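For reference, the structure discussed in these notes is given below.
2 protein chains.
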Amino acid sequence: MERDPFVVVGGDAAGLSAASKFRRETNRDVVVFERGQWVSYAHCGLPYFVEGSVDRLTDLLSLSPSDIAERGIDLRRGHEVVAVDPAARTVTVDAGDERFDQPYSELLVATGARATTGDFDASLDGVFTIHGLDSAAALDAYLTAPDAYDPARLGDGPVDEARVTHNAALDPPTRAAIVGGGYVGVEMAEALTARGVAVHLFQRSGHVLQPFGAAVAERVEPHLTERGVTVHTDATVDRLVGDERIEAIVADGERFPVELAVLGVGVRPNTAVLDGTGVARGPNGAIRTDAYGRTSLPAVHAAGDVATARHAVTGTETWIPLGLTANRAGRAVGATVAGDPTPVGDVAGTAVVKAFEMECGRVGIVDEAAAADAGFDPVSETITAGSRSGYYPGGDETTVTLVADRTTGRVLGGAIAGRDRAAIRVDTLATAIEADLTVAELERLDLAYAPPFSPVWDPVLVAAKVVTGKL
Amino acid sequence: MERDPFVVVGGDAAGLSAASKFRRETNRDVVVFERGQWVSYAHCGLPYFVEGSVDRLTDLLSLSPSDIAERGIDLRRGHEVVAVDPAARTVTVDAGDERFDQPYSELLVATGARATTGDFDASLDGVFTIHGLDSAAALDAYLTAPDAYDPARLGDGPVDEARVTHNAALDPPTRAAIVGGGYVGVEMAEALTARGVAVHLFQRSGHVLQPFGAAVAERVEPHLTERGVTVHTDATVDRLVGDERIEAIVADGERFPVELAVLGVGVRPNTAVLDGTGVARGPNGAIRTDAYGRTSLPAVHAAGDVATARHAVTGTETWIPLGLTANRAGRAVGATVAGDPTPVGDVAGTAVVKAFEMECGRVGIVDEAAAADAGFDPVSETITAGSRSGYYPGGDETTVTLVADRTTGRVLGGAIAGRDRAAIRVDTLATAIEADLTVAELERLDLAYAPPFSPVWDPVLVAAKVVTGKL
């Protein structure tokens with residue numbers, strides 16, 4: 001008898017990576033239910049579409065529906081899975097005009113995460129979160145003068161046309177507030193500046209890019225200012241003001257007139273599909289998974305932004321929703337379900353972000369207090385060193401924060417900022433961290449040296465030397 | 001009684017790193033004998049001085065003699081050590097006008113390497129090796145029209161003025177031959193092109209940049225051609241033709257009229273100082289050293305381009321003269337002699353080179369035959385992948401060759417080429433190799449992803465996926 005299909009809930013990074021890998025390994029059936037119309041899009045590309053450096057919205061799609069069909073994946077868009085019955089091994093699917101139960105042999109929940117709006121009224125015109133192609137399309141339309149809007153920007157995809165049309169008809173903003181100085185906030189500051197909008201960036205804590213540490217922020221904040229962004233740190237945004245359309249933002253009692261607010265205040269895992277199943281949860285309510293992406297429910301996997309993962313440094317459960325690890329976890333689950341048990345891999349919290357010309361990277365545990373909480377005895381140093389030999393033109397000071405454990409010497413985390421090939425250097429640290437290298441071993445690595453690319457002692461090695469000297 | 005000083009032979013990377021580290025750790029005496037006048041210069045910067053992207057010759061100095069004096073190092077320039085008596089623990093020093101014996105408590109031989117000229121007559125005007133500041137100064141003078149030469153190019157250093165004056169008086173060349181397509185050859189092709197000289201590059205084997213493998217060369221060679229360099233591979237240079245000044249080069253029987261020839265045909269360790277001591281030798285006659293830089297002679301260390309080192313992949317003795325490992329080995333010997341035993345570290349053969357816009361890197365064992373010779377069962381794959389998300393502008397195809405051992409899965413080596421941040425990505429592979437990661441572990445690394453810097457799957461990860469699939 002034919003086995004029931006492998007059912008995947010969610011048609012983005014983790015879900016389609018799983019379905020694709022599964023189909024490469026087996027000819028069994030896989031069904032992907034996606035509640036929306038868009039599938040397989042690059043979330044991280046949204047700011048660059050808004051900025052205008054990506055021509056068409058559909059350029060952000062990795063796979064078209066026909067690519068997906070060619071892979072033998074049964075993709076059902078506009079199909080929302082509203083319930084899971086782990087005992088019966090069925091999901092209940094709401095397809096709009098019908099509702100049905102779909103049996104599964106194995107299930108993958110890959111429903112991702114959603115942008116939150118905090119306590120703010122996100123229903124006003126001119127208020128956006130950056131999540132999903134429709135929000136980017138709407139914001140792009142809003143930023144464009146009504147007589148200048150070109151629908152060719154959308155490409156040929158299932159865009160929410162009513163929302164685009166509505167926003168395209170409004171007068172474009174000249175002033176914007178960005179609430180939240182994380183990746184999205186910083187990337188949107190660059191994007192909106194490129195679109196000619198004056199930007200105020202509000203960050204609740206003491207510095208932007210909190211997970212990158214203070215030293216990176218000390219490079220980024222003056223650079224944002226230099227490029228015309230007004231940065232407010234230790235700032236509490238009280239409310240958004242407006243009737244139909246946003247008119248102002250009030251922060252610490254001060255009123256800033258704006259016609260645009262972008263909310264980058266956080267994301268939450270989309271776990272509702274498993275409500276009522278008693279599935280085990282981890283940090284932030286994310287679905288708890290093991291080394292193979294298995295949940296506490298039989299034959300139910302979770303992967304990507306909805307799921308927890310093991311942290312490479314602490315070995316404990318964590319929730320860090322990012323693109324590569326979502327793709328990888330999905331791919332691993334696809335292989336596992338197909339019969340080739342494949343670990344999803346640890347997450348090291350590696351992240352890189354561009355802020356105008358400034359490149360920033362971070363990995364592992366950068367914050368000393370967090371390292372102490374995890375049971376380490378952290379030693380942290382920040383250095384600056386040239387990105388190239390001093391005599392070679394075009395280099396830039398590169399700032400490196402390196403954190404190690406005093407007891408074992410192990411590298412725990414690091415962060416990097418600079419204008420010249422700085423971000424990609426975090427990969428050296430990510431590799432060292434996942435390989436459990438000590439800082440003395442890091443110091444002795446035979447890294448690249450040539451005047452146009454690195455001084456004799458790469459900034460990463462300089463940091464390692466200084467931290468080794470403190471142990 | 002005062003101990004005899006720590007004596008260092010050679011005042012460049014390894015020697016001065018050793019002396020500096022020694023003085024930071026102890027107040028004992030250190031004497032550095034340098035036979036020439038230049039100390040502490042950046043050999044790797046010479047092509048960029050010739051190119052004109054470095055303003056003054058003395059910009060290539062890391063430390064001035066007064067910096068060195070401030071560190072408490074007794075530097076004696078123009079002092080050649082002509083013999084070592086390991087039994088008596090003395091060196092014989094020829095200071096030009098006097099010759100004396102200097103006792104030592106410990107000795108470091110850091111005499112570096114020299115460029116060879118093969119069978120070619122390097123005494124003709126217009127024939128250069130790129131080794132030492134004087135050769136770069138002379139070539140720069142030769143490249144400049146007599147009435148345009150500005151001695152300010154030299155800065156304020158102990159340059160060989162007669163050689164510069166002689167070359168500055170000659171008509172500048174319009175056509176050049178570079179013999180040897182290694183790093184120096186490729187870098188000089190770029191430098192001479194920038195100086196308006198038409199370049200023929202002759203490489204004896206089938207492709208340029210031999211240690212980087214064929215796939216890198218397949219990117220570099222067309223790029224050199226595109227930039228106006230004529231590349232001759234599988235080419236044997238028969239002889240240089242000329243009376244006083246070079247007039248032509250003959251390769252495979254064909255005559256190429258040139259006014260300049262740059263010889264980049266290899267380097268040899270400067271071991272003569274230990275002739276007659278019976279010191280043990282390794283590959284290429286380099287001085288054999290152990291994990292702490294000790295030679296077979298009591299109290300005699302060697303470091304840098306004159307010494308062997310342990311290869312990170314094979315664990316066997318090798319001779320790979322490069323800048324970082326010379327600096328590091330010297331520094332480690334300085335610490336060890338000061339009383340803090342410090343391993344010199346392995347070498348992984350990490351190298352990066354810029355060829356116009358093309359960035360290339362390599363590490364470990366790239367050549368399958370060499371891997372087999374070292375006892376591995378190599379699996380090698382070459383892939384190309386984007387350096388950025390496909391929709392983000394400014395990226396370039398990045399070529400990655402990855403070599404792993406079929407039996408253990410261990411990463412053995414890799415090479416990279418591309419125009420967008422390609423070279424520095426080799427550090428990821430260097431770290432993985434020195435940490436003994438398998439290719440499956442490499443594939444699961446949490447590396448950086450953001451559209452401006454890397455696609456979801458970095459080219460290194462794509463290569464790891466493909467090689468893992470072949471194991």
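Protein chains in written order, with full-length UniProt numbering: chain A, 1 to 471; chain B, 1 to 471. We put the CB at the ideal spot given by N, CA and C, even for glycine. Predicted model, so just to flag it, every value in this text is computed and none were measured.
Contact between Gly-11 of chain B and Val-32 of chain B is confirmed by a C-beta separation of about 5 Å, below the 8 Å threshold. Burial check for Asn-27 of chain A: the Cβ neighbour count within 10 Å stays below 16, so the residue is exposed. Bridge partners of His-200 of chain B according to DSSP: B:Ala-177, B:Thr-230. Note that the C-beta distance between Arg-331 of chain B and Ser-40 of chain B is not below 8 Å.
Fully enclosed beta strand (DSSP E) runs of no fewer than 3 residues occupy 30 to 34 of the segment 22 to 69 of chain B, in order along the chain.
By the beta-carbon neighbour count (other beta carbons within 10 angstroms, threshold 16), Lys-470 of chain B is exposed.
Contact check for Ala-432 of chain A against Leu-442 of chain A passes: the beta carbons are separated by less than 8 Å. Taking 8 Å as the CB threshold, Thr-325 of chain A lines the interface with chain B.
When 9 Å is used as the limit between beta carbons, Lys-354 of chain A is near these residues of chain B: Ala-450, Pro-451, Pro-452, Phe-453, in chain order.
Annotation: Cβ neighbours of Arg-421 of chain A in chain B (cutoff 7 Å, chain order): Arg-421, Ile-424. Leu-143 of chain A: member of the alpha helix (DSSP H) spanning 133 to 143, first to last residue.
Contact between Arg-204 of chain A and Thr-236 of chain A holds: CB atoms are separated by about 6 Å, below the 8 Å threshold.
Taking CB atoms only, Pro-65 of chain B has no neighbour in chain A less than 8 Å away.
Bridge pairing for Phe-376 of chain A: absent [DSSP].
When 9 Å is used as the limit between beta carbons, Arg-444 of chain A is near these residues of chain B: Arg-328, Ala-332, Pro-343, Val-344, Gly-345, Asp-346, Glu-434, in chain order. Per DSSP, Thr-401 of chain A is one residue of the beta strand (DSSP E) stretching across 397 to 405. Using a C-beta cut-off of 8 Å, the segment 416 to 424 of chain B makes no contact with the segment 144 to 151 of chain A, since fewer than three inter-stretch Cβ pairs fall below that distance. Contact annotation for Tyr-41 of chain B against chain A: no contact, minimum CB-CB distance about 10 Å [criterion: below 8 Å].
Its Cα nearest to that of Arg-239 of chain B, the residue B:Glu-247 stands out among B:Ser-389, B:Glu-247, B:His-232.
A residue is called buried when at least 16 other Cβ atoms come within 10 angstroms of its Cβ; Phe-212 of chain B meets this threshold and is buried.
Remark: fewer than three beta-carbon pairs, one from each stretch, lie closer than 8 Å, so the segment 360 to 376 of chain A and the segment 454 to 461 of chain A are not flagged as touching.
With fewer than three CB-CB distances shorter than 8 Å, the segment 49 to 64 of chain B does not count as touching the segment 103 to 110 of chain B. In the pairwise beta carbon analysis, the segment 357 to 364 of chain A is classified as not touching the segment 339 to 346 of chain A: fewer than three pairs are separated by under 8 Å. The distance from the Cβ of Ala-215 of chain A to that of Thr-401 of chain A is about 5 Å, consistent with a contact at the 8 Å cut-off. Taking a C-beta distance under 8 Å as the contact criterion, Ala-280 of chain A and Arg-288 of chain A qualify as a contact pair.
Within the same chain, Cβ atoms closer than 6 Å to the Cβ of Arg-195 of chain B are found at Leu-143, the five residues on either side in sequence being excluded. For the segment 76 to 159 of chain B, the full-length alpha helix (DSSP H) segments reaching 4 residues or more read 133 to 143 along the chain. Distance check between Ile-320 of chain A and each of A:Gly-386, A:Glu-254, A:Gly-364 places A:Gly-364 closest, using alpha-carbon atoms only.
In this structure, the beta-carbon distance from Thr-438 of chain A to Arg-406 of chain A does not fall below 8 Å. Taking CB atoms only, Val-411 of chain A has no neighbour in chain B less than 8 Å away. Each residue's CA atom was taken as its position, placing Val-273 of chain A and Thr-325 of chain B some 56 Å apart. For Gly-390 of chain B, same chain residues with a beta-carbon under 8 Å away, outside a window of 5 residues either side, are Pro-455 in chain order. Take Asp-74 of chain B, set aside five residues on each side of it, and the residues of its chain with a beta-carbon closer than 6 Å to its own are Val-31, in chain order. Taken atom to atom, the span from the alpha-carbon of Val-197 of chain A to that of Pro-257 of chain A is near 13 Å. In this structure, the alpha-carbon of Asp-436 of chain B lies about 14 Å from that of Arg-444 of chain B. Asp-74 of chain B carries a strand assignment under DSSP once its states are collapsed to helix, strand and coil.
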